[in-house]
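Peer 1:
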Amino acid sequence: MNVMSKKVGTSPGSMVYVGPKRDSRARAEYIRYDQENFVVEGIAPDEAAPDDGFNNLIIFYGVHDIEAVRAVGEKFDIHLLQMEDIVNTMHRPKLEWDGKDLFLIMKTCFLDNDSGQIEFEQISFFLSGSTLICFRQNTDVFFEKIKRRLEKKGSRIRTSGVDYLLYVLMDHFVDNYFTVLEQLGVEQDELQEAIVENPEQEHLEKIFQLRRDASNIRQTIWPLREILNQIQNREMDLLKDGTRPFFRDIYDHNLNIMDSLEMIREINTTLYEIYLSLISHRMNTVMKLLTIIATIFIPLTFVAGVYGMNFEYMPELSWKTGYFMCLGLMAAIGLGLAGFFKYKKWF
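So the sequence shown is residues 3 to 349, counted in my numbering.
(1) Might you give, ordered along the chain, the residues of its own chain that have their beta carbon closer than 6 angstroms to the beta carbon of L106, omitting 5 neighbours on each side?
(2) Express the C-alpha separation of L337 and K290 in angstroms, rounding to a whole number.
(3) What span of residues does the alpha helix (DSSP H) with T133 cover, start to end?
(4) What's the gap between the Cα of G131 and the Cα of A46?
(5) Should A421 and V65 be called a contact, given that it needs their Cβ atoms to be closer than 9 angstroms?
(6) Nearest to T245 by alpha carbon, out of D254, H255 and I233?
(7) Under 8 angstroms: do the segment 215-225 and the segment 99-119 share three or more Cβ pairs, one atom per stretch?
(8) Does the segment 166-185 touch the segment 246-254, meaning 3 or more C-beta pairs lie closer than 8 angstroms?
(9) Expressed to the nearest angstrom, what Euclidean distance is found between the alpha-carbon atoms of N39 and Q185?
(10) Based on the DSSP output, what are the partners of G44 in its beta bridges?
(11) State the start and end residues of the unbroken beta strand (DSSP E) segment that holds L113.
(12) Output needed for R236: all residues of its chain with C-beta closer than 8 angstroms, excluding positions within five of it in sequence on either side, in chain order.
(13) Rounded to whole angstroms, what's the CA-CA distance from L241 to G163? Just pull it up for me.
(14) By Cβ distance below 6 angstroms, which residues in the same chain neighbour D173 in space, the five residues on each side in sequence not counted?
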């Protein structure tokens, strides 16, 4: 069943979680920093509060916890419709700018450590003043790297504003696609070798799986192109002129991902054609072998049929060696035809 059906019939602004079922409680990390100070603390989501004296990064884990999302949203004056979008993990990527705050939804993907399958995650950003809130479902080691970078006095990320921090986070989530695409390329190479060696039904299923994966990735990365165009071309006070060129770098990454997806699509098409060609060749080889066998037995069947007729007078039937002569004739015909086909390299 489509999980989006949960929202059918609800009024605008109704916060209905759409996504994989989770039971854990939401949690948050609060990072406050400026050029001289750096503070990190784990907090309950409802304890988060803006501190205008610092740059603030709040990493919210667990968008399935609707009450926690609502508590943060009310404290930071996030619009109810935006909170609705945050808890809907199937939402299309988008950017909203109301002249004061920036709200952005994007997708990222990663390889599941256990199954090796491609998983997708929705990331929501809310940027207001000197505060950046990142709403997400999963945890990873990336934010530990961000903390280490923020700890270094004089580093670009430490001396820049939260608009640059938004770029750093978006760049990371976009770069995740390259890791996944690299894995798809490896799987395609292995699949090609397996198909050429011995095409099987499971190879066809793998081709279709790769096609679905590439299609799903494209659906999540394509809308980001529009978002990045808006970031570069719209007047938004929260984004400094010195930060915008970095977003153009993400735009270039987006183009590279789209090019890689197109290449994967073409290789998939080629693999499918190779598979069909080899299966057809295998079938033709079998049919040729069966045809050769049938051709050899046609004259043998004729000879057996002649001497199987119930005529009263057949001279060969009275010969003492007639039976062996008939077998010899049939063997000679069979071997002769087989030798002829072999000479013609028909098998």
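Glycine included, every Cβ here is placed at the ideal spot set by N, Cα and C.
Peer 2: Reading off the structure:
(1) The residue labelled residue 106 in the question sits at position 104 within the sequence shown. Counting only Cβ-Cβ distances below 6 angstroms, and skipping sequence neighbours, we find L97 and F127.
(2) One-based indexing of the sequence shown puts residue 290 at position 288. One-based indexing of the sequence shown puts residue 337 at position 335. Their Cα atoms are separated by approximately 18 angstroms.
(3) Residue 133 sits at position 131 when you count from the first residue of the sequence shown. Boundaries around T133 are those of the beta strand (DSSP E), T133 to R138, since no alpha helix (DSSP H) includes it.
(4) Mapped onto the sequence shown, residue 131 falls at position 129. Mapped onto the sequence shown, residue 46 falls at position 44. One C-alpha to the other measures close to 22 angstroms.
(5) The structure shown has nothing for residue 421, since the chain only spans 3 to 349.
(6) As a first step, residue 245 must be located in the sequence shown, where it is residue number 243. That would be I233, whose Cα lies nearest to the Cα of T245.
(7) With the cut-off at 8 angstroms, the segment 215-225 and the segment 99-119 touch.
(8) The count of Cβ pairs closer than 8 angstroms, one atom from the segment 246-254 and one from the segment 166-185, reaches three, so the stretches are in contact.
(9) In the sequence shown, residue 39 corresponds to position 37, counting from 1. In the sequence shown, residue 185 corresponds to position 183, counting from 1. Between the C-alpha atoms of N39 and Q185 there is a straight-line separation of about 40 angstroms.
(10) On the sequence shown, residue 44 is found 42 positions in, with the first residue counted as 1. DSSP, once it has assigned bridges, lists E31 as partnering G44.
(11) On the sequence shown, residue 113 is found 111 positions in, with the first residue counted as 1. Residue range D103 to L113 is occupied by the beta strand (DSSP E) that includes L113.
(12) The residue given as residue 236 occupies position 234 in the sequence shown. Scanning its chain for C-beta atoms nearer than 8 angstroms, with the 5 sequence neighbours on each side dropped, one finds around R236 the residues W99, in chain order.
(13) As a position in the sequence shown, residue 241 is number 239, starting the count at 1. As a position in the sequence shown, residue 163 is number 161, starting the count at 1. Using only the alpha carbons, I get a separation of about 9 angstroms.
(14) One-based indexing of the sequence shown puts residue 173 at position 171. The answer, listed in chain order, is I252.
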